[in-house]
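Residue numbers (the working numbering), protein chains in the order written: chain U, 9 to 166; chain D, 9 to 166.
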DNA sequence: GATACAGTACTCGGATAGTCTGTGTCCGAGTTCCTTGGG
DNA sequence: CCCAAGGAACTCGGACACAGACTATCCGAGTACTGTATC
């Protein structure tokens, strides 16, 4: 099981955007995080499609969070970049082979699929309890409360 | 986030093996589940490497569970086939770019990585609470208690 | 009749191609700001 | 001095190559059974 690497960049970008009042260009975010600019832009486009950020074109354009960081969950960001479909996809093995179960008896999903869905649910719940604001607070705490101020300063300076 | 499709086959195969006293050849399992024989064999090899099943060669050879089905968790099977490394891999973005955090201040993992690790933990816990025996019981319940008996009968026949 | 041996059929195991989803990149369309010319 | 129009620079957005991993497959090494020849 593997998650798209763009998720990491998108989350860091969201944390950074939560510290900015004005739009921030994708190239600027890429510079700050040391990532390929064009590819980070791709992830931001996904966030825009999901309605998490909004984009403005032009000379002072860039990306902005559409909602306060306290109202954006990590789950939303992950699903925007990585897709919403669950990790486990049941291919209905039980309906194949010599002991195939007839389709009309398969209203309820397979017991294996139910178990995997339950785990996925636990995972989703854990991520939906955490917001971008929580992440920012956590990063700040790790650095004696200077990290976010540094980000704001860097964004303001040229 | 996507899981290897082999996980589904491996889980179904384990449930089937839990109903068999004698070794079951990979080709036999593939026939029962309607899957490519050679590829299912590959998944069984992974299970063998993980110590979940044992293989015996020769004319009456095949695969057997090494432990009672009540002592094999779904998590073990998933990790044997899909690998043990977590879905989210932190590439230490915080140590890159103009505001890079010095390495000596990064003893603790990134706040984002901690959040993702927590979710992964919840997912793992959910899967480790379910055993192959539970799955077999669930499948049996879905089919008025005939499914496992049918499997045993099919394995014994021919 | 019992036993040892050779042959055979069956099993797993790793090494080998094909394909599909990320990963990374680029250039064009659109918008905003700035400059400049006119009133 | 104020205003409007044109140009330029900057932004995003989707379309285009490249790569690694999953998917699928095959053939060789090894083992247990079976039949036969011998004692």
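Each residue gets a CB set at the ideal place from its N, CA and C atoms; glycine is no exception.
Everything numeric in this text was worked out from a predicted model, so none of it was measured.
Rounded straight-line distance, which links the Cα of residue 34(U) to that of residue 79(U):
Position 71 of the first chain, counting from 1, holds the residue named residue 79(U). Position 26 of the first chain, counting from 1, holds the residue named residue 34(U). When rounded, the distance between both Cα atoms is 22 Å.
Keeping to the same chain, check which residues put their C-beta closer than 6 Å to that of residue 11(D); ignore five residues upstream and five downstream.
As a first step, residue 11(D) must be located in the second chain, where it is residue number 3. Same-chain partners within the cutoff: 90.
Residue of 150(U), 144(U), 158(U), 119(U) minimising C-alpha distance to residue 149(D):
Counting from 1 along the second chain, the entry for residue 149(D) is found at position 141. For the residues 150(U), 144(U), 158(U), 119(U), the minimum Cα distance to residue 149(D) belongs to 119(U).
Which bits of chain D does residue 11(U) rub up against, with CB to CB less than 7 Å?
Walking along the first chain from the start, residue 11(U) turns up at place 3. Here the neighbours are 9, 95, 96.
Going by DSSP, what residue range makes up the alpha helix (DSSP H) through residue 62(D)?
As a working note, residue 62(D) is residue 54 in the second chain. It is not in any alpha helix (DSSP H) - residue 62(D) instead sits in the beta strand (DSSP E) that spans 61 to 64.
If residue 23(D) sits next to residue 143(D), beta carbons under 8 Å apart, how far is it from one beta carbon to the other, in whole angstroms?
Residue mapping note: residue 23(D) aligns to position 15 of the second chain, counting from 1. Residue mapping note: residue 143(D) aligns to position 135 of the second chain, counting from 1. Their Cβ separation, rounded to whole angstroms, is 5 Å, which keeps residue 23(D) and residue 143(D) in contact under 8 Å.
Which first and last residues belong to the alpha helix (DSSP H) in which residue 73(U) is found?
Your numbering for residue 73(U) matches position 65 in the first chain. It is not in any alpha helix (DSSP H) - residue 73(U) instead sits in the beta strand (DSSP E) that spans 70 to 73.
What residue from 36(D), 152(D), 81(D), 122(D) has the CA that sits closest to residue 145(U)'s CA?
The residue you call residue 145(U) lines up with position 137 of the first chain. Residue 122(D) is the option with its Cα nearest to residue 145(U).
Among 15(U), 14(U), 13(U), 32(U), which has the Cα closest to the Cα of residue 159(U)?
For this step, residue 159(U) is matched to residue 151 along the first chain. Ranking the options by Cα distance to residue 159(U), first place goes to 32(U).
Using a Cβ-Cβ cut-off of 9 Å, state whether residue 80(D) counts as contacting chain U.
Indexing the second chain from 1 puts residue 80(D) at position 72. Output row for residue 80(D): interface = no.
Quick one: grab the DSSP three-state call for residue 99(U).
Reading the first chain from its first residue, position 91 is the one you call residue 99(U). Residue 99(U): coil per DSSP, three-state reduction.
Measuring straight from C-alpha to C-alpha, what distance separates residue 129(D) and residue 103(U)?
For this step, residue 129(D) is matched to residue 121 along the second chain. For this step, residue 103(U) is matched to residue 95 along the first chain. Answer to the nearest angstrom: the Cα atoms are 33 Å apart.
Could you list which residues in chain U have their beta carbon closer than 7 Å to that of residue 158(D), in chain order?
Looking up residue 158(D) in the second chain gives position 150. Result: 107.
Identify which residue in 14(D), 30(D), 77(D) has its Cα closest to the Cα of residue 49(D).
Numbered from its first residue, the second chain carries residue 49(D) at position 41. With distances taken between Cα atoms, residue 49(D) lies closest to 14(D).
How would you label residue 67(U), buried or exposed, when you count the other beta carbons within 10 angstroms and need 16 or more for buried?
Along the first chain, one-based indexing puts residue 67(U) at 59. Counting Cβ neighbours within 10 Å, residue 67(U) comes out exposed, since fewer than 16 surround it.
Excluding the five sequence neighbours on either side, which residues of its own chain have a C-beta within less than 6 Å of the C-beta of residue 9(D), listed in chain order?
Stepping through the second chain from its first residue, residue 9(D) is reached at position 1. Only 95 meet the Cβ criterion.
Secondary structure of residue 92(D), DSSP reduced to three states:
Position 84 of the second chain, counted from the first residue, corresponds to residue 92(D). Residue 92(D): coil per DSSP, three-state reduction.
DSSP-derived helix/strand/coil call for residue 81(D)
Start at 1 with the first residue of the second chain, and residue 81(D) comes out as number 73. If DSSP states are grouped into helix, strand and coil, residue 81(D) belongs with the strands.
With distances taken between CB atoms, is the gap from residue 71(D) to residue 25(D) smaller than 9 Å?
Taking the second chain and counting its residues from 1, the one referred to as residue 71(D) is at position 63. Taking the second chain and counting its residues from 1, the one referred to as residue 25(D) is at position 17. In this structure, residue 25(D) lies closer than 9 Å to residue 71(D) by Cβ.
Taking 9 Å as the CB-CB limit, is residue 126(U) close to chain D?
One-based indexing of the first chain puts residue 126(U) at position 118. At least one chain D Cβ lies under 9 Å of residue 126(U).
In whole angstroms, give me the CA-to-CA distance for residue 62(D) and residue 55(U).
The residue labelled residue 62(D) in the question sits at position 54 within the second chain. The residue labelled residue 55(U) in the question sits at position 47 within the first chain. About 47 Å.
Using the C-alpha atoms, what's the distance from residue 65(D) back to residue 116(U)?
Taking the first residue of the first chain as position 1, residue 116(U) is located at position 108. Taking the first residue of the second chain as position 1, residue 65(D) is located at position 57. The straight-line gap from Cα to Cα measures roughly 39 Å.
Alpha-carbon to alpha-carbon, residue 81(D) and residue 139(D)
The residue given as residue 139(D) occupies position 131 in the second chain. The residue given as residue 81(D) occupies position 73 in the second chain. Taking the straight line from one Cα to the other gives about 4 Å.
Hey, would you say residue 87(D) sits closer than 9 Å to residue 58(D), going by beta carbons?
Against the second chain, residue 87(D) aligns to sequence position 79. Against the second chain, residue 58(D) aligns to sequence position 50. In this structure, residue 58(D) lies closer than 9 Å to residue 87(D) by Cβ.
Backbone CA spacing between residue 127(U) and residue 75(D) [nearest angstrom]
Here residue 127(U) refers to the residue found at position 119 when the first chain is read from its first residue. Here residue 75(D) refers to the residue found at position 67 when the second chain is read from its first residue. Going by the C-alpha atoms only, they are around 24 Å apart.
Terminal residues of the continuous alpha helix (DSSP H) containing residue 23(U)?
If you number the first chain from 1, residue 23(U) lands on position 15. Element bounds for residue 23(U): 14 to 25.
DSSP beta-bridge partners for residue 32(D)?
One-based indexing of the second chain puts residue 32(D) at position 24. DSSP lists 71(D) as partners of residue 32(D).
Residues in its own chain within less than 8 Å of residue 153(D) by CB, not counting five upstream and five downstream?
Stepping through the second chain from its first residue, residue 153(D) is reached at position 145. The answer is none, since no qualifying residue turns up.
Report yes if the C-beta distance between residue 155(U) and residue 73(D) is below 9 Å; otherwise report no.
Walking along the first chain from the start, residue 155(U) turns up at place 147. Walking along the second chain from the start, residue 73(D) turns up at place 65. No, the pair does not count as a contact, with Cβ atoms beyond the cut-off.
Using a threshold of 9 Å, state whether the C-beta atoms of residue 18(U) and residue 51(U) are closer than that.
Locating residue 18(U) in the first chain gives position 10, where the first residue counts as 1. Locating residue 51(U) in the first chain gives position 43, where the first residue counts as 1. Yes, Cβ-Cβ distance for residue 18(U) and residue 51(U) is below 9 Å.
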